[in-house]
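Colleague: Heads up: the sequence shown at position 181 corresponds to 181 in UniProt numbering, and the numbers run straight through without jumps. Glycine residues also receive a C-beta, built at the ideal position from the N, C-alpha and C atoms. Note that the structure is a prediction, hence the values are computed from the model and not measured.
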Amino acid sequence: MSSILIKIKSKYPQMNDAMKRIADYVLNNPNDVVFEKASTFAEKSNVSPASVSRFVKLVGYKSFNDFQLSFVAAQSRAEINDEDSLAYNGMKVGETTQEICQVIFSRSERVLNETLGILDTETMESIANYIDKAKRIVAIGVGRSKITTQALVSRLYRIGYNIVEYSDSHEIVNITSIMQPGDLLIACSNFGKSKSVVEGARRAKENGVTVVGITSVVDSPLANSADYLLLSAYDYASDKMGKLFEPSSENVAQLVLVDCLYMLVATKHEKENLNRYKRFSKEIVKEHVK
1 MSSILIKIKS KYPQMNDAMK RIADYVLNNP NDVVFEKAST FAEKSNVSPA
51 SVSRFVKLVG YKSFNDFQLS FVAAQSRAEI NDEDSLAYNG MKVGETTQEI
101 CQVIFSRSER VLNETLGILD TETMESIANY IDKAKRIVAI GVGRSKITTQ
151 ALVSRLYRIG YNIVEYSDSH EIVNITSIMQ PGDLLIACSN FGKSKSVVEG
201 ARRAKENGVT VVGITSVVDS PLANSADYLL LSAYDYASDK MGKLFEPSSE
251 NVAQLVLVDC LYMLVATKHE KENLNRYKRF SKEIVKEHVK
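Here it is in structure tokens:
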């Protein structure tokens, strides 16, 4: 039994009726917790959203998102049985091509579902508003995180937004030093610890720049430096195994978050942005080989 379930049981006697209904639901459906929004969780427990907030604080978490992520961690740890075997996001990859592909597809699907479960739509909408109004948008990320920032640039620039991407540490120092209020910095780091990205976020924030963080780790240095935060589900299994393996499932989830942002922004000036995209699409066909 995971430590969080043990903690809930230990606090059960001091809970009121509403808290016990929540506890009963969690203890009977521990695998469902990571996929549900707080409102759905409250409805299924037959309590108010306020009771859910009080419950997660009672068992030691700041927010419902933190509470959910603790279940992701517990599930991933439970699946790691042999640290000497090659694994992908906590699951042994198998031997045949079919087994390997099945593991990778299933883990990516799981991370997508977990990311949707912890998605804060209000934060997403706020970030979309900042993107739409920003004088200049800068995206920074190194290593695997470049995949996310490059995807963001490829989406937004084609509908006319002033966005650039940097992945070189010296260039990140340069651009974040000269950013000004009215600019928007979008900083991406899977573990939230990449030095150039975190320091770039802090530097830009000191200059009065609004900072958006995209990461998988709550309370990471990047998360704590950001004004707004988008979380993808954290690959706790990789962390448990000493980060020896780097599955791309986190990046898959972040690419989907980027597409959500892109569509939210595009709908703000739908007719204009649709015309821009049509013009781009028409011209890019000329680059295709016949």
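1. Per the contact definition of three or more C-beta pairs closer than 8 angstroms, is the stretch 180-194 in contact with the stretch 122-138?
2. Just how far apart, CA to CA, sit residue 231 and residue 115?
3. Given residue 47, which residues of its chain have a CB within under 7 angstroms of its CB, disregarding the five upstream and five downstream residues?
4. Are the CB atoms of residue 145 and residue 189 nearer to each other than 9 angstroms?
5. Is the stretch 168-177 touching the stretch 265-283, taking contact as three or more C-beta pairs under 8 angstroms?
6. Closer than 8 angstroms is the cut-off here; do at least three beta carbon pairs connect the stretch 192-208 with the stretch 219-228?
7. So, with DSSP's three-state summary, where would you put residue 40?
8. Alpha helix (DSSP H) containing residue 121: first to last residue?
9. According to DSSP, which residues form a beta bridge with residue 188?
10. Apart from the five residues just before and just after residue 211, which ones in its own chain have a Cβ nearer than 7 angstroms to its Cβ?
11. Compute the Euclidean distance between the alpha carbons of residue 180 and residue 265, then round it to the nearest angstrom.
12. Starting from residue 118, follow the beta strand (DSSP E) in both directions and report where the run begins and ends.
13. At which residues does the alpha helix (DSSP H) containing residue 262 begin and terminate?
14. What is the residue span of the beta strand (DSSP E) that residue 164 lies within?
15. To which residues does DSSP link residue 228 through a beta bridge?
16. If residue 233 and residue 111 are in contact, beta carbons under 8 angstroms, what's the gap, nearest whole angstrom?
17. Based on the DSSP output, what are the partners of residue 137 in its beta bridges?
18. Quick check on this structure: which residue in 207, 52 and 148 has the alpha carbon closest to the alpha carbon of residue 256?
19. Who are the Cβ neighbours of residue 33 in its own chain at under 8 angstroms, not counting the five residues just before and after it?
20. Identify whether residue 275 lies in helix, strand or coil by the three-state DSSP scheme.
21. For residue 96, report the span of its alpha helix (DSSP H) as first-last.
22. Taking the alpha helix (DSSP H) that residue 56 falls in, what are its first and last residues?
Modeller: Once the coordinates are examined:
1. yes
2. 7 angstroms
3. 18, 21 and 22
4. Yes, the Cβ-Cβ distance between residue 145 and residue 189 is below 9 angstroms.
5. Counting Cβ pairs under 8 angstroms, fewer than three are found: no touch.
6. yes
7. helix
8. 121-133
9. 214
10. 185, 187, 201, 204, 205, 225, 226 and 227
11. 22 angstroms
12. No beta strand (DSSP E) contains residue 118, which DSSP labels as neither H nor E.
13. 249-266
14. 163-166
15. 212
16. 5 angstroms
17. In the DSSP secondary-structure assignment, residue 137 is bridged to 163 and 184.
18. Nearest C-alpha to residue 256: 148.
19. 26, 41, 67, 68 and 71
20. helix
21. Counting along the chain, residue 96 falls outside any alpha helix (DSSP H), and DSSP gives it neither H nor E.
22. 49-58
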